[in-house]
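Since the structure comes first, as structure tokens, the remarks are kept for the end.
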């Protein structure tokens, strides 16, 4: 339909990826404190101005992009792998195994949103590894539920029954006969998962539970900046807009992808 | 209905048991010795031993779990490690503020989402629909810890209409409720649109139109009534998002609720208060969801027979 609805978000995400990967080699000074520049608004010398300690907002924004990309990548990868494996086993074996796994999933779902992640990272202490751990503990459940539901309906398909009667082992069945058919819905879930994790990481950092200073995160930049909003709104606006653009792009692409891969909808 | 009720109650009890167990085990994932973290490096061995004894951390794990479970069942959540206050009292002081915020947020979400979702469904694929869905996409993508400060910047700092934070007058409720409500409204509007769209294709809508009812009547009396059931379920499920969002929203606006207490307890490393807050929020969520399920089954007989 509209080409720009794919091109703009994809390019934004590509820039995010490039910045995140190349940040260590860029000439940045995210931790350099210049007292004479404290709270200076954007100018030709520094396009995004300086923060409350006189550090370049632009440089910190880039380091924050790296933080959020790193966390999103690892959390989605870990949740996707563990969740899919557990979900497939639960759906395929059925019976008591399925019953127990479903109850465990229900228990995890009883903690609304990122509450469990807030509690976990609060107890484990700040640090990027703890954020990844806490968000993965919350994240695997969505993938497990999806993989289980899909496996339940795939289990009775002819090609699976044929493989089963030919004596295929469980790992082989799951790897070659179930997993390939799960990939499309899992990719959609993972896309929306990225948006969720980016917001969650920034949220944890906003609460002071994410990366430790002086490391930069968009969430902690918003928190630090919100004390100086009257004199220096750019400190809050810059990371907020960056966050919004990334999450918006991911959600837009996710919607597109869902429409593309949803066979039922295409027939209409 | 009876067997449905029974199965829901059994599953509710299992989940509650699991939640209590998970919350209990939170203190055991603290890296290192929780006693040393609480008391600091300089504490004497005797002090450490005394606290370990009070918390029961010197007993076998199973016994600790067992006594924690029984304390929770009796409504005893222990005392704060720092202020020595009874945790139940601390929670009671905070609960009204959080309920007030959650209800106000829910009200704002419904007031925005129902008209918006209906409009988008009735005028499907038009400018209105696209506008509503753009709002929804934006609402889902703007985190509340950014929206909150923006609202403060606009309504409190620039225009000076509303207080920045705290809970002194009814005006101080507006900004937190708006922050919490907008995100929920975005999700709700999308779901209401989908539900109403589905209902609009039903035969009874065609009948209602064919007998010459006005479009307004068709929507209010025939479409919305039938769409109400799924919408109730969605509302129940979204209450969780509301409670979790309240943690961050309360922190932004210094709103003295459970969420703020949770974050304060985390900063002070007051483990038993953290456990109690997490337990309270998640148990509330489970109870509301179970009630929603039962309500749904009571209103719609088709659900009961499927079990």
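Residue numbers (the working numbering), protein chains in the order written: chain A, 4 to 271; chain B, 50 to 356. Think of the CB as a built atom: it goes at the ideal place given N, C-alpha and C, for glycine as much as any other residue.
**Message:** Quick check for students: name the residue ranges of the alpha helix (DSSP H) that lie wholly in the stretch 77 to 103 of chain B, counting only runs of 4 or more.
**Reply:** Fully enclosed alpha helix (DSSP H) runs of no fewer than 4 residues occupy 83 to 88 of the stretch 77 to 103 of chain B, in order along the chain.
**Item:** Sequence-distant residues of its chain with Cβ nearer than 7 Å to residue 366 of chain B (five each side left out)
**Value:** There is simply no residue 366 of chain B to check, as chain B begins at 50 and stops at 356 in what is shown.
**Request:** Report the rounded CA-to-CA distance for residue 247 of chain B versus residue 160 of chain B, giving the unit in angstroms.
**Result:** Taking the Cα positions, residue 247 of chain B is about 21 Å away from residue 160 of chain B.
**Item:** Chain-ordered chain A contacts of residue 67 of chain B [CB-CB under 8 Å]
**Value:** Chain A residues near residue 67 of chain B: 106, 107, 109, 110, 113.
**Request:** Compute the distance between the beta-carbons of residue 271 of chain B and residue 254 of chain B, then report whether it is under 8 Å.
**Result:** Closer than 8 Å, so yes.
**Prompt:** In whole angstroms, what separates the C-alpha of residue 175 of chain A from that of residue 183 of chain A?
**Reply:** Their backbone Cα atoms lie some 12 Å apart in a straight line.
**Asked** Looking only at C-alpha atoms, which of A:262, A:68, A:202, A:194 sits nearest to residue 218 of chain A?
**Response** Nearest C-alpha to residue 218 of chain A: A:68.
**Prompt:** How many whole angstroms separate the CB atoms of residue 55 of chain A and residue 38 of chain A, which I take to be in contact at a CB cut-off of 8 Å?
**Reply:** The beta carbons of residue 55 of chain A and residue 38 of chain A sit about 11 Å from each other, so the pair does not count as a contact at 8 Å.
**Message:** Less than 8 Å between CB atoms is the rule here; does residue 202 of chain B satisfy it with respect to chain A?
**Reply:** For residue 202 of chain B, the closest Cβ of chain A is nearer than 8 Å.
**Request:** Classify residue 228 of chain B as helix, strand or coil using the three-state DSSP reduction.
**Result:** Residue 228 of chain B carries a helical assignment under DSSP once its states are collapsed to helix, strand and coil.
**Asked** Who pairs with residue 175 of chain B in a beta bridge, going by DSSP?
**Response** None; residue 175 of chain B has no bridge partner.
**Prompt:** Name the DSSP bridge partner or partners of residue 135 of chain B?
**Reply:** Answer is B:128, bridged to residue 135 of chain B.
**Item:** Inter-stretch contact at 8 Å, needing at least 3 Cβ pairs: the stretch 67 to 86 of chain A / the stretch 120 to 135 of chain A
**Value:** With the rule of 3 Cβ pairs closer than 8 Å, the stretch 67 to 86 of chain A counts as touching the stretch 120 to 135 of chain A.
**Message:** Quick check: residue 251 of chain A and residue 190 of chain B, are their CB atoms within less than 8 Å of each other?
**Reply:** Yes, they are a contact pair.
**Asked** Taking all protein chains shown into account, do 16 or more other C-beta atoms lie within 10 angstroms of the C-beta of residue 232 of chain A, making it buried, or fewer, making it exposed?
**Response** So residue 232 of chain A ends up on the buried side.
**Prompt:** Are the stretch 187 to 197 of chain A and the stretch 251 to 260 of chain A in contact at 8 Å, needing three or more beta carbon pairs?
**Reply:** Under the three-pair Cβ rule at 8 Å, the stretch 187 to 197 of chain A counts as touching the stretch 251 to 260 of chain A.
**Request:** Below 8 Å between beta carbons is the criterion; list the residues of the stretch 6 to 32 of chain A that meet it against any residue of chain B, in chain order.
**Result:** For the stretch 6 to 32 of chain A, which is checked against every Cβ of chain B, not one residue is closer than 8 Å.
**Item:** Where residue 209 of chain A meets chain E, residues with beta-carbon distance less than 9 Å
**Value:** The displayed structure is made up of protein chains A and B, and chain E is not among them.
**Message:** At the 8 Å Cβ level, is residue 294 of chain B part of the contact set with chain A, yes or no?
**Reply:** For residue 294 of chain B, the answer is yes, since a Cβ of chain A falls inside 8 Å of its Cβ.
**Request:** Provide the residue(s) that pair with residue 59 of chain A in DSSP beta bridges, ordered along the chain.
**Result:** Looking at the DSSP assignment, residue 59 of chain A forms a beta bridge with A:53.
**Message:** For residue 270 of chain A, would you say it is in contact with chain B, using Cβ-to-Cβ distances shorter than 8 Å as the test?
**Reply:** Because the pLDDT of residue 270 of chain A is 45, which lies under 50, any placement of that residue in the model is unreliable, and the number read from its coordinates should be weighed accordingly. Not one chain B Cβ lies under 8 Å of residue 270 of chain A.
**Request:** Grab the span of the alpha helix (DSSP H) containing residue 151 of chain A for me, first residue to last.
**Result:** That run of the alpha helix (DSSP H) goes 131 to 157.
**Request:** Within the same chain, show all residues whose beta-carbon is closer than 6 Å to that of residue 126 of chain B, passing over the 5 residues directly before and after it, in chain order.
**Result:** Contacts found: 136, 137, 325.
**Prompt:** Nearest-angstrom Cα distance between residue 116 of chain B and residue 309 of chain B?
**Reply:** Those two C-alpha atoms are separated by around 28 Å.
**Asked** For the candidate residues A:163, A:194, A:222, whose alpha-carbon lies nearest to that of residue 95 of chain A?
**Response** Nearest C-alpha to residue 95 of chain A: A:163.
**Request:** Tell me whether the beta-carbon of residue 209 of chain A lies closer than 8 Å to the beta-carbon of residue 312 of chain B.
**Result:** Not closer than 8 Å, so no.
**Request:** Provide the residue span of the alpha helix (DSSP H) that contains residue 115 of chain B, from first to last.
**Result:** 110 to 122 is the extent of the alpha helix (DSSP H) around residue 115 of chain B.
**Prompt:** So which residues of chain A does residue 331 of chain B contact, with C-beta pairs closer than 9 Å?
**Reply:** The contacting residues are 113, 114, 115, 118, 119.
**Request:** With DSSP as the reference, label residue 106 of chain A as helix, strand or coil.
**Result:** The answer is helix: DSSP assigns residue 106 of chain A an H, G or I state.
**Prompt:** Is residue 194 of chain B near residue 224 of chain B, with beta carbons less than 8 Å apart?
**Reply:** Taking 8 Å as the Cβ cut-off, residue 194 of chain B and residue 224 of chain B do not qualify as a contacting pair.
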